[in-house]
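Novice:
Number of protein chains: 2
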Amino acid sequence: MDIAAINALPYEAFVNTFGNVVERCPLISAAVWSRRPFESLADLEAAVSEFIEALPESGKEGILRCHPDLAGRGLQSGTLTQESREEQAVAGMDALDQAEALRMARLNEQYKQRFGFPFVICARMSDKADVLRQLSERCRNERAAERDRGIAEVKKICRLRLRALVRDKL
Amino acid sequence: MDIAAINALPYEAFVNTFGNVVERCPLISAAVWSRRPFESLADLEAAVSEFIEALPESGKEGILRCHPDLAGRGLQSGTLTQESREEQAVAGMDALDQAEALRMARLNEQYKQRFGFPFVICARMSDKADVLRQLSERCRNERAAERDRGIAEVKKICRLRLRALVRDKL
Chain A
1 MDIAAINALP YEAFVNTFGN VVERCPLISA AVWSRRPFES LADLEAAVSE
51 FIEALPESGK EGILRCHPDL AGRGLQSGTL TQESREEQAV AGMDALDQAE
101 ALRMARLNEQ YKQRFGFPFV ICARMSDKAD VLRQLSERCR NERAAERDRG
151 IAEVKKICRL RLRALVRDKL
Chain B
1001 MDIAAINALP YEAFVNTFGN VVERCPLISA AVWSRRPFES LADLEAAVSE
1051 FIEALPESGK EGILRCHPDL AGRGLQSGTL TQESREEQAV AGMDALDQAE
1101 ALRMARLNEQ YKQRFGFPFV ICARMSDKAD VLRQLSERCR NERAAERDRG
1151 IAEVKKICRL RLRALVRDKL
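So the protein lines, in turn, are chains A and B. Per our numbering, residue 1 is the first one in the first sequence, and the count goes up by one each step. Per our numbering, residue 1001 is the first one in the second sequence, and the count goes up by one each step.
Below is the structure:
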């Protein structure tokens, strides 16, 4: 799908296609449809980023709270979005041994207790050891820094999801 | 559920409970969780309204675009959210005769072509004749007026969904 084809999509098809480039936030792609025509995929990606940046802090935290835990209940019960399931698998989150699984669960809880939102990381750019190390380190950050860091990861995830969608529909 | 119980909910339970008070926009309830503690249900409702009002125009249009058509494909294929299905049934959208169904489909298309978002109305406060009349009339409005009107309807829907949730979980 090239940018001309994307620009020609009615809002319903656009939201059906791009509605989950930010996890469980179809509002965002539905909003950026107002910004057509896009010059390029990078321009569409920038529109998503700008929309996110213009949100109040609570809105950015809201985006993070729409993300599932890594190796959490959603993965175990099979209720993740397709994108999230695939990404967690790439980082080995579906193949933790018992000790790793316990450590992830404990650190996820600690993180959520401290910040009031879940640990978000671009899993496609990580592996098991990296996820555990970063989760452990980021638990010690300040809340505002972690909110910004989480949103930076959301943007990386969005970039990879956008590219995959456009490539798969070529 | 009283306001103390609502204020005690961790964000995951809060989003699971209130995530669809604005149709397919869990981001919004996930964001207003940051505003706890709420003094009352009206205070929670006001926090949702204020979050929506603070969005740029594209964000408000994005909210509207997350809504299904009335008597549209989602109703026919059974893919509506539970809340939306029940609301459309209250307004008789699942019991249109052939002429009414054709008229709804034609007006919905006309409306979406003109505005780039769907016709949104608080169906629980309407009936079949009222929906058809308002849809026909509102097709003639200006875009900005219709965006505001649609958002006013979103807030009415939100109020009724919030009250039903709190009542059902008493």
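The beta carbon of each residue, even a glycine, is placed where N, CA and C say it ideally should be. All figures in this text were calculated on a predicted structure; none of them were measured in a lab.
Cβ closer than 8 Å: which chain A residues qualify as neighbours of C1066 (chain B)?
Specialist: Near C1066 (chain B) (Cβ distances below 8 Å), the residues of chain A are V15, P26, L27 and A30.
Novice: Against chain B, with Cβ distances strictly below 7 Å, would S84 (chain A) count as a contact?
Specialist: Chain B contact via Cβ: absent.
Novice: Counting contacts by CB-CB distance shorter than 7 Å, is L170 (chain A) in contact with chain B?
Specialist: Because the pLDDT of L170 (chain A) is 49, which lies under 50, any placement of that residue in the model is unreliable, and the number read from its coordinates should be weighed accordingly. It does not; no Cβ of chain B falls within 7 Å.
Novice: Any idea if R73 (chain A) is buried or exposed, counting beta-carbon neighbours within 10 angstroms, 16 or more meaning buried?
Specialist: By the neighbour-count rule (16 or more Cβ atoms within 10 Å), R73 (chain A) is not buried but exposed.
Novice: Do R161 (chain A) and V48 (chain A) have their C-beta atoms within less than 7 Å of each other?
Specialist: For R161 (chain A) and V48 (chain A), no; Cβs fall outside 7 Å.
Novice: Please work out which residues of its chain come closer than 7 Å, Cβ to Cβ, to L170 (chain A), disregarding the five sequence neighbours upstream and downstream, and give them in chain order.
Specialist: Note that L170 (chain A) has pLDDT 49, beneath the 50 cutoff, so the model's placement of it is unreliable and the number below is only indicative. Same-chain partners within the cutoff: M1.
Novice: What does the Cβ neighbour count give for L1075 (chain B), buried or exposed, with the cut at 16 atoms within 10 Å?
Specialist: Answer is buried; the Cβ neighbour count reaches 16.
Novice: Please tell me whether V131 (chain A) and L64 (chain A) are closer than 7 Å, where the distance is taken between their beta carbons.
Specialist: Their beta carbons are not under 7 Å apart, which means V131 (chain A) does not touch L64 (chain A) by this criterion.
Novice: Give the secondary structure of R140 (chain A) by DSSP, where H, G and I count as helix, E and B as strand, and everything else as coil.
Specialist: Of the three classes helix, strand and coil, the one that applies to R140 (chain A) here is coil, per DSSP.
Novice: With a threshold of 7 Å between beta carbons, is S1049 (chain B) in contact with chain A?
Specialist: False, the Cβ-Cβ gap to chain A never drops below 7 Å.
Novice: Indicate whether at least one CB of chain A lies closer than 7 Å to the CB of E1039 (chain B).
Specialist: Chain A contact via Cβ: absent.
Novice: To the nearest angstrom, how far is it from the Cα of K1060 (chain B) to the Cα of H1067 (chain B)?
Specialist: Their Cα atoms are separated by approximately 12 Å.
Novice: Hey, does S1034 (chain B) have any beta-carbon neighbour from chain A nearer than 7 Å?
Specialist: At least one chain A Cβ lies under 7 Å of S1034 (chain B).
Novice: Measuring alpha carbon to alpha carbon, tell me which residue in B:R1124, B:Q1113, B:R1036 and B:T1081 is nearest K1155 (chain B).
Specialist: Nearest of B:R1124, B:Q1113, B:R1036 and B:T1081 to K1155 (chain B), Cα basis: B:R1124.
Novice: Would you kindly check if the distance between the Cβ of F1115 (chain B) and the Cβ of R1149 (chain B) is under 7 Å?
Specialist: Not closer than 7 Å, so no.
Novice: Quick one: residues in its chain with C-beta nearer than 8 Å to the C-beta of Y111 (chain A), no 5 flanking neighbours on either side, listed in chain order?
Specialist: Same-chain partners within the cutoff: P118, F119, L135, R138 and C139.
Novice: Between the alpha carbons of Q1113 (chain B) and T17 (chain A), how many angstroms are there, rounded?
Specialist: Roughly 19 Å separates the two Cα atoms.
Novice: Within 10 angstroms of its Cβ, does P37 (chain A) collect 16 or more other Cβ (buried), or is it exposed?
Specialist: Result: exposed.
Novice: Within the same chain, show all residues whose beta-carbon is closer than 7 Å to that of V1166 (chain B), passing over the 5 residues directly before and after it, in chain order.
Specialist: So the qualifying residues of the chain are M1001 and L1041.
Novice: Which whole-angstrom value is the C-beta distance of A31 (chain A) and F51 (chain A), which I expect to be below 8 Å?
Specialist: About 6 Å; that satisfies the 8 Å criterion.
Novice: Nearest to I99 (chain A) by CA position, among A:K128, A:E87 and A:C122, is which residue?
Specialist: At residue 99 (chain A) the sequence reads Ala, which differs from the Ile that was named. Minimum Cα distance to A99 (chain A) is reached at A:K128.
Novice: Run through DSSP, which three-state label would L1009 (chain B) get?
Specialist: L1009 (chain B): coil per DSSP, three-state reduction.
Novice: Considering only C-alpha positions, which residue in the set B:R1159, B:E1045 and B:I1151 is nearest to L1055 (chain B)?
Specialist: Per the Cα distances, B:I1151.
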